[in-house]
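See the structure below:
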C-alpha cells in the first residue's frame, strides 16, 4: 500500500507539470497492474534488501544512513560491494573509486535503458528522466513482456519500479536489526533473480531462429568472464547477442 | 564508519548516485541521438533476451549444482505452467533442497 501512496505522490507531481487539459500519458490502472505483476518478486527483493541492511549494520552505519543510501543510490549489488569495502579514509581518490566501481557494476543499465527507448519516449522528457533513476531489472523485464502482450501504458513500469523501490528501502531495516541471524542462501533466496530471469526467457521465446542471438550472448559473456573477469561480461555478451540477433533476423 | 564523518558519507553517496544515474539515463539518452531505423529496431528487440542470456550463462558456469537446478526447474515450470510466481518459487525451492542435501 505504501507503494501506491508513493505512486500517487509521483503521479500528482507529474500531473502538475502537465497542462490540465492534456490527455494523461499514463494511467493508475496500469500503475496498479505494474504493482501486481511485481508481487511475485517481493520475497526475493526483501531478502536482498535485508542482506544489505545486515552488511551496513556490521560496517557501523546508522539505520538512517543505511535506509537513506538504499533510497538515494538504489543499486543493490553496487551498494553491497561499496559498503563492504567502505574506505577508512575518505579522499578524492577513494570517492572516485566508489563512483567508478558503481558505474562498472551498473553498466548493464546503459543497454537496459536503450532497450526502453521505444516504450518510454512517448512520455515527455520531464517525466522520463527523473523516472530513469528507478529503472531496475524487474520493472524492465516485466515491461518487455507487458509490451509483447500488447500493453503500451508507461504507468505499468512506474508501478513496478515504485514497488521495487519501496520494498528495497523498507527491507533494509529488518536486515539491520536482525543482523546475520537469517541465512538467505539456505532458503535459496539468492537464486530469486536467476529463477526470474529464466522464467522471463521462456516468456520471451519466439522460436529457435530468434534464439541465435541468445546463444551468441551467452558464449561471449562466458568468454569475457573467463578471459578478463570483472563485471563487463553482461555488456559485451548482450551487445554481441543483440547485434547478431538483429542482423540474423533480416 | 566507526567515527562518523558526515561529509565523507554524503560525498560517496553523491558520487555513487551520479554514477548510477549516468548508466540508467545514459543509454536511453544516447540511443535517442540515433534515428531508430529497421535494423537498429531489430537489434533493440533482440537486446532483452541477449542481456538475460549474458547474465545467466556465466552464472551457470560458476554457480554450481544449485544454480543449474534452479535454472532448469524454473525453466521447465514456466514452460509447463506459464506462471512466473510458480517458476520463481519452485526454482528457489529446488536450490534450497539441493543445498540441504549438502551439495
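Chains as they are written, first to last, in this note's numbering: chain A, 1299 to 1548; chain W, 998 to 1100.
For glycine and all other residues, C-beta sits at the position ideal for the given N, C-alpha and C.
Keep in mind it's a predicted model, so treat the numbers as computed, not measured.
Query                                                                                                                                              : Result
Proximity to residue 1540 of chain A [Cα-Cα], best of W/1051, W/1079, W/1004                                                                       : W/1051
Beta carbon of residue 1490 of chain A nearer than 8 Å to that of residue 1342 of chain A                                                          : yes
Interface residues of chain W facing residue 1483 of chain A [CB-CB closer than 8 Å]                                                               : 1096
Contacts around residue 1533 of chain A, its chain only, beta-carbon distance under 8 Å, and the 5 residues preceding and following it disregarded : 1405, 1406, 1408, 1409
Presumed contact (8 Å Cβ cut-off) between residue 1379 of chain A and residue 1403 of chain A, rounded CB distance                                 : 7 Å
Collapsed DSSP secondary structure at residue 1547 of chain A in the structure displayed                                                           : coil
Short Cβ contact (8 Å threshold) for residue 1416 of chain A with residue 1041 of chain W                                                          : yes
Neighbouring residues, chain A, relative to residue 1102 of chain W (Cβ below 8 Å)                                                                 : With chain W running from 998 to 1100 in the structure shown, residue 1102 of chain W is simply not present.
Close beta carbons around residue 1373 of chain A, own chain, < 6 Å, minus the five adjacent residues each side                                    : 1404
Residues of the segment 1393-1413 of chain A with Cβ closer than 8 Å to any Cβ of chain W, in chain order                                          : 1393, 1394, 1396, 1397, 1398, 1400, 1401, 1404, 1405, 1406, 1407, 1408, 1409, 1410, 1411, 1412, 1413
Residue 1027 of chain W at chain A interface by Cβ criterion, 8 Å                                                                                  : yes
Residues of its chain near residue 1065 of chain W, where Cβ-Cβ distance is below 8 Å and the 5 sequence neighbours each way are ignored           : 1057
Same chain, Cβ closer than 6 Å to residue 1472 of chain A, five either side skipped, listed in chain order                                         : 1348
Given residue 1091 of chain W as reference, the closest of A/1493, A/1502, A/1505 once Cα atoms are compared                                       : A/1493
C-beta contact flag for residue 1043 of chain W and residue 1511 of chain A at 8 Å                                                                 : yes
Whole-angstrom C-beta distance between residue 1526 of chain A and residue 1364 of chain A, which should lie under 8 Å                             : Wrong, their Cβ atoms sit about 33 Å apart, outside the cutoff.
Chain W contacts from the segment 1422-1433 of chain A (Cβ-Cβ distance under 7 Å)                                                                  : 1427, 1430, 1431, 1433
4-residue-minimum alpha helix (DSSP H) runs that sit fully inside the segment 1410-1434 of chain A, ordered along the chain                        : 1415-1418, 1423-1430
Residue 1056 of chain W: contacting residues in chain A (beta-carbon distance under 8 Å)                                                           : 1492
Short CB-CB distance (under 8 Å) between residue 1062 of chain W and chain A                                                                       : no
Proximity test, Cβ basis, 8 Å: residue 1378 of chain A and chain W                                                                                 : no
Member of A/1423, A/1322, A/1530, A/1360 whose CA lies at the smallest distance from the CA of residue 1003 of chain W                             : A/1360
C-beta neighbour in chain W for residue 1444 of chain A, strict 8 Å                                                                                : no
Residue 1461 of chain A to residue 1336 of chain A span [Cα, whole Å]                                                                              : 7 Å
Where residue 1007 of chain W falls, given that 16 or more other Cβ within 10 Å makes a residue buried                                             : exposed
CA-to-CA distance, residue 1498 of chain A to residue 1537 of chain A, given in whole angstroms                                                    : 19 Å
Beta-carbon separation (whole angstroms), residue 1088 of chain W vs residue 1076 of chain W, contact threshold 8 Å                                : Contact doesn't hold; Cβ gap of about 13 Å is too wide.
Cβ-Cβ distance between residue 1329 of chain A and residue 1449 of chain A below 8 Å                                                               : no
Cβ of residue 1340 of chain A within 8 Å of any chain W Cβ                                                                                         : no
Rounded Cβ spacing between residue 1344 of chain A and residue 1458 of chain A (contact assumed at less than 8 Å)                                  : Not quite, the Cβ-Cβ distance comes to about 15 Å (not below 8 Å), so this is no contact.
Span of the alpha helix (DSSP H) around residue 1325 of chain A                                                                                    : Looking at the DSSP string, residue 1325 of chain A is not in any alpha helix (DSSP H), and its letter there is neither H nor E.
For residue 1338 of chain A, three-class secondary structure by DSSP                                                                               : helix
Rounded separation between residue 1500 of chain A and residue 1072 of chain W - CA only                                                           : 7 Å
Cutoff 8 Å: residue 1547 of chain A Cβ touching any chain W Cβ                                                                                     : yes
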